[in-house]
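Data block below; observations after.
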Amino acid sequence: MKIDIKHVAKLANLKLNPDEEKKFEKQLSDILNYIDKLNEVDTKNVEPTAQVTGLVNVGRTDDQTQPCLNAQEALKNAKSQHNGLFKVKAILEKE
Amino acid sequence: MNIEELTIEKVLDGYRNKKFSITEIIQVYFERIKKYNPQINSFITLCEEEALQEAKRKDELLKNEGVSLPLFGIPMGLKDLFSTKDIKTTASSEVLEDYTPPYDSTVVQRLKDAGAIILGKLNCDAWAHGSSGENSDFGPTKNPWNKEYVPGGSSSGSAASVAASFVLAATGTDTGGSIRLPASFTNTVGLKPTYGRVSRYGVIAMASSLDSIGHFTKTVRDNALILNITAGNDMFDATTSQNPVPNYLENLNKGIKGLKIGIPKEYTTKEKGMELDVLLTFENAIKKLNKLGAEIIEISLPHTEYSIACYYIIQPSEVSSNLARYDGIRFGNDRSYFGDEAKRRIMLGTYTLSAGYYDAYYKKAMQARTLIKQNFDKVFDASNGVDAIIAPVSPTLPWKLGEKVNDPLKMYLSDVFTVTANLAGIPGLSVPAGFAKELPVGIQILGPHFSEELLFRIGFAFEQETEFYKSNPKL
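One line per chain: the protein sequences are A and B, in this order.
Sequential numbering from 10 applies to the first sequence in our numbering.
Sequential numbering from 546 applies to the second sequence in our numbering.
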């Protein structure tokens, strides 16, 4: 199994240098080869398990507003802010 | 007072009988931490000023009301994955090196409400990714029993701190063995509760369908005492159970006569890198349990051999999703600060969840997870199954620092006996089972969902018989 490391890094929003690309490509391919072992297991008609203790339809009993963080507390850890808001880089390019 | 012999029970008795004050106890622990922690590196943040202030406040309460709370004045450490209001919480990663949460996680809130005093935040593998503690961005934690060896991970600092008598108890998280493995490497008692028994709210998430919130202590009794505080439904974590929380101390003394204990043959094979020392220690433990009146029965968990493959699809998939939020905008640094192991897991999970691969990987793994869970359901069957299972925790003794760092797959395989409990959602208690080559070896006791009370009962009987908790490392 060969992994397209550049494509995966882009999807994961990670920047890799050429040395890292080479190293991770090999390491991830080794791991993927190992997990291919799972193909030996017959899972035909087996239901997938996502919630292991069998809880279903969990809802809030009291859907009421409660005190929460104020703007100052919420912004406390933000390195870049403007007028009491998080400041981010432009996402859309100009036409 | 010999600090190494202290347990929660003994300290509470000491407060009651005015043998020492809370301030004295907290000071003694900080002295010890400052003297020995530089060699062990189990703390990332010390909260000395806050802890001493709290001790002073509690000493006043002690005078007026006596010991009024179950963890009154008990010094504890927290894995640095647990959000603490106004105390830096890093997940041992440079991404969060300067992050200070504006709120406490539910477990931290409950421990504080029960009277615990937080001495500091503990080192771990960054984001809880690892089996050795070496993936921390703030340097590896050393095993107090031999500083050339790893203490096990990912809750490395928690295990090492309890073993080194820096704290009386420490919190941890177990997604694939991160409490049980370091407990077994350090002669401490480590509990991975049933999935959803303890709230995950405010604990930095690794793999949300597997993460269990537990803790380390020196003795089984202390361990049960902490679960009395942390267990229970939490409206901030919808996966916590509504099941009532028993008093875990109540049936501790009942003994294990007549209990049926299963030994999974897949966990005792001499193949797959199982070390003879581990196997011999395990066989001794079986003899002890048999002597105490348990019936020992060989059982089979046939899908064990696929558990690591299953786990290394589900876990990185969920990791990639959980770590997507760290973009450096609202808090912390940007994604270039992730270390190698986080990058590996993010990319592995991104790949297995990417378009066209979901069915072949994540769905397939969730189906295999059903089979692994059914293996346990069958052996725990109420009419003709066993009450509990015992198994080795790790196929090997603690290894030397650096030995596995360049081979991620080899590191992953050290969790071969622990990931199954996370996949099945069942509880596991790791208890000391002796020493080989002067390094600690533990065994794990596994049971059906919400059987923690039974696990403590078995662990307690074993501990009373063996008394390994009385051994302490020479620092």
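Ideal placement from N, C-alpha and C gives every residue a C-beta, glycine not left out.
Under 7 Å from the C-beta of residue i: neighbouring residues of chain B
i, result
"Val65 (chain A)", "Within chain B, no residue comes near Val65 (chain A); the closest Cβ sits about 11 Å away, beyond 7 Å."
"Ile44 (chain A)", "Ala854, Tyr857 and Ile858"
"Asp28 (chain A)", "Within chain B, no residue comes near Asp28 (chain A); the closest Cβ sits about 11 Å away, beyond 7 Å."
"Thr58 (chain A)", "Met911, Arg914, Thr915 and Lys918"
"Ala18 (chain A)", "Met892"
Residue i classed as buried or exposed, judged by whether at least 16 other C-beta atoms fall within 10 angstroms
i, result
"Cys77 (chain A)", "exposed"
"Phe827 (chain B)", "buried"
"Leu804 (chain B)", "buried"
"His16 (chain A)", "exposed"
"Arg742 (chain B)", "buried"
"Arg69 (chain A)", "exposed"
"Leu101 (chain A)", "exposed"
"Thr568 (chain B)", "buried"
"Gln81 (chain A)", "exposed"
"Tyr903 (chain B)", "exposed"
"Met819 (chain B)", "buried"
"Ala927 (chain B)", "exposed"
"Phe761 (chain B)", "buried"
"Leu825 (chain B)", "exposed"
"Val734 (chain B)", "buried"
"Arg968 (chain B)", "Checking the displayed sequence, the identity of residue 968 (chain B) turns out to be Leu instead of Arg. Its Cβ being crowded by 16 or more others within 10 Å, Leu968 (chain B) is buried."
"Ala715 (chain B)", "buried"
"Thr74 (chain A)", "exposed"
"Met956 (chain B)", "buried"
"Asp682 (chain B)", "buried"
"Asn798 (chain B)", "exposed"
"Lys763 (chain B)", "buried"
Opposing strand residues paired with residue i [DSSP bridges]
i, result
"Ala714 (chain B)", "B:Met621 and B:Thr762"
"Ser757 (chain B)", "B:Asp719"
"Gly979 (chain B)", "B:Val986"
"Glu642 (chain B)", "Paired residues: none, contrary to the question."
"Gln90 (chain A)", "A:Phe95"
"Phe588 (chain B)", "B:Leu667"
"Lys945 (chain B)", "B:Tyr694"
"Ala936 (chain B)", "B:Gln989"
"Asn688 (chain B)", "B:Asn691"
"Phe973 (chain B)", "The sequence shown places Gly at residue 973 (chain B), rather than the Phe named in the question. Its beta-bridge partners are B:Lys737 and B:Leu991."
"Thr629 (chain B)", "B:Ile632"
"Ile806 (chain B)", "B:Ile841 and B:Ala933"
"Ile14 (chain A)", "For Ile14 (chain A), which the question treats as bridged, DSSP gives no partner whatsoever."
"Ile662 (chain B)", "B:Pro620"
"Asp782 (chain B)", "B:Asp779"
"Val748 (chain B)", "B:Phe627"
Neighbouring residues, chain A, relative to residue i (Cβ below 9 Å)
i, result
"Phe883 (chain B)", "Leu23"
"Arg880 (chain B)", "Ala21, Asn22, Leu23 and Lys24"
"Thr645 (chain B)", "Lys85 and Asn86"
"Ser754 (chain B)", "Thr58, Ala59, Gln60 and Val61"
For residue j and residue i, believed in contact at Cβ under 8 Å, the rounded distance
i, j, result
"Asp960 (chain B)", "Leu726 (chain B)", "7 Å"
"Phe737 (chain B)", "Asp719 (chain B)", "For the record, residue 737 (chain B) in the displayed sequence is Lys; it is not Phe. Their Cβ separation, rounded to whole angstroms, is 4 Å, which keeps Lys737 (chain B) and Asp719 (chain B) in contact under 8 Å."
"Asn86 (chain A)", "Thr645 (chain B)", "6 Å"
"Val931 (chain B)", "Ile801 (chain B)", "In fact, because the Cβ distance is near 12 Å, the residues do not count as touching under 8 Å."
"Glu840 (chain B)", "Ile808 (chain B)", "Their Cβ separation, rounded to whole angstroms, is 11 Å, which puts Glu840 (chain B) and Ile808 (chain B) out of contact at 8 Å."
"Ala671 (chain B)", "Leu614 (chain B)", "34 Å between Cβ atoms; not a contact."
"Leu846 (chain B)", "Glu811 (chain B)", "6 Å"
"Ala913 (chain B)", "Val50 (chain A)", "5 Å"
"Tyr793 (chain B)", "Phe1001 (chain B)", "6 Å"
Residue i: contacting residues in chain A (beta-carbon distance under 7 Å)
i, result
"Pro972 (chain B)", "Within 7 Å Cβ-Cβ: nothing; Pro972 (chain B) doesn't reach chain A, min ~11 Å."
Cross-chain neighbours of residue i in chain A, by beta carbon under 8 Å
i, result
"Leu518 (chain B)", "Residue 518 (chain B) is absent from the model: chain B starts at 546 and stops at 1020."
"Ile874 (chain B)", "Ala87, Ser89, Phe95 and Val97"
"Lys908 (chain B)", "Pro57"
"Ser676 (chain B)", "What Ser676 (chain B) touches in chain A: nothing, since even the nearest Cβ is about 15 Å away."
"Leu1000 (chain B)", "What Leu1000 (chain B) touches in chain A: nothing, since even the nearest Cβ is about 16 Å away."
"Ala969 (chain B)", "Val61"
"Thr739 (chain B)", "Thr62"
"Ser862 (chain B)", "Chain A residues near Ser862 (chain B): none, gap ~11 Å exceeds 8 Å."
"Tyr903 (chain B)", "Those within 8 Å of Tyr903 (chain B) in chain A number zero; the least Cβ separation is about 11 Å."
Contacts of residue i in chain B (Cβ-Cβ under 8 Å)
i, result
"Arg37 (chain A)", "One point to set straight first is that residue 37 (chain A) is Leu, not Arg, in the sequence displayed. Correct list: Arg889, Met892, Leu893 and Tyr896."
"Ile100 (chain A)", "Here the premise fails: no neighbours, minimum Cβ distance about 11 Å."
Residues that residue i contacts on chain B, provided the C-beta gap is smaller than 9 Å
i, result
"Thr74 (chain A)", "Here the premise fails: no neighbours, minimum Cβ distance about 14 Å."
Worksheet entry | Stretch pair the region 964-983 of chain B + the region 727-745 of chain B: three plus CB contacts closer than 8 Å | yes
Discussion item. For the region 685-694 of chain B against the region 576-594 of chain B, do three or more pairs of beta-carbon atoms, one drawn from each stretch, fall closer than 8 Å, so that the two count as touching?
Written reply: The region 685-694 of chain B vs the region 576-594 of chain B: in contact.
Worksheet item: Pairing CB atoms from the region 651-659 of chain B with CB atoms from the region 691-698 of chain B, are three or more of them under 8 Å?
Response: no
Worksheet item: Touch check for the region 945-952 of chain B and the region 701-710 of chain B: three-plus C-beta pairs under 8 Å?
Response: no
Worksheet item: If you pair each beta-carbon of the region 904-913 of chain B with each one of the region 874-891 of chain B, do three or more pairs fall below 8 Å?
Response: no
Worksheet entry | Contact between the region 865-883 of chain B and the region 621-639 of chain B (3+ Cβ pairs under 8 Å) | yes
Item to complete: Take every Cβ of the region 776-786 of chain B, pair it with every Cβ of the region 618-633 of chain B, and state whether three or more of those distances are shorter than 8 Å.
Response: no
Practice prompt. Flag this pair as touching only if the region 876-890 of chain B and the region 32-46 of chain A have three or more C-beta atom pairs under 8 Å; answer yes or no.
Written response: Cβ pair count under 8 Å is three or more, so yes.
Discussion item. For the region 575-583 of chain B against the region 88-103 of chain A, do three or more pairs of beta-carbon atoms, one drawn from each stretch, fall closer than 8 Å, so that the two count as touching?
Written reply: no
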